[in-house]
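Some notes on the structure that comes next.
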Amino acid sequence: MKKKYKFISFIVLLCLLTSPVIAENNISKDPVYHVILVWLKTYRNQERINKIIEATKELKNIPGVLEINAGKVLRSSRVIVDDTFDVGIIMKFASSEDLENYLIHPLHVKIANEVIKPLANRVVVYDTIIK
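In the numbering used here, the protein residues as written are 81 to 211.
This is the structure in structure tokens:
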């Protein structure tokens with residue numbers, strides 16, 4: 081039992097010691113795409129889709145945002161395509177640092193809390209580094 085406890089303690093310590101290194105590796109100086117998919121509470125409601133798309137346009141004025149595009153889902157008969165969401169938003173940033181600054185910007189927080197969250201049933205975000 082003592083050996084098992086020591087082994088588990090060692091693994092936990094190892095994880096704690098390496099976590100700052102892992103966090104530093106998440107910083108990218110390469111461009112980053114921030115992809116947001118939104119499922120509405122009211123399925124395929126065009127008025128609410130347009131409200132999110134229009135609100136998204138305001139985000140282009142936040143420092144660090146290089147590009148921003150928003151639109152409704154493209155229906156597909158391909159099995160591999162998930163076309164169950166209602167709104168897609170794609171944003172480009174020069175770096176992960178710019179993305180982090182954007183996430184705490186007051187305008188982003190306001191639109192997320194006052195427009196998107198009240199209308200959304202589900203939101204999924206994907207961030208990817210562009211090479």
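For each residue, glycine too, the CB sits at the ideal point set by N, CA and C.
Listed in chain order, the non-local C-beta contacts of LYS197 below 6 Å within the same chain number zero, local neighbours out to five positions each way being set aside.
According to the DSSP assignment, THR136 belongs to the alpha helix (DSSP H) that extends over 126–137. For GLU147, the uninterrupted beta strand (DSSP E) segment begins and ends at 145–152. Under DSSP, the beta-bridge partners assigned to ASP207 are HIS114.
Straight through space, the alpha carbons of VAL115 and HIS188 are spaced by roughly 14 Å. The DSSP-derived three-state label of VAL167 is strand. Under the DSSP assignment, TYR123 falls outside any alpha helix (DSSP H); it carries neither an H nor an E label. Between ALA200 and TRP119 a beta carbon distance of about 7 Å is seen, short of the 8 Å cut, so the two are scored as contacting. Between the C-alpha atoms of LEU183 and LEU154 there is a straight-line separation of about 27 Å.
Residues of the same chain with a CB within less than 7 Å of the CB of ILE209, apart from the 5 flanking positions on each side, are SER108, ASP110 and VAL112 in chain order.
In the three-state DSSP reduction, LYS140 falls in the helix class (H, G or I). Non-local C-beta neighbours of ASP163 in its own chain, meaning closer than 6 Å and more than five positions away in sequence, comprise VAL153, ARG155 and SER156, ordered along the chain. The Cβ atoms of ILE148 and LEU139 lie closer than 9 Å to each other.
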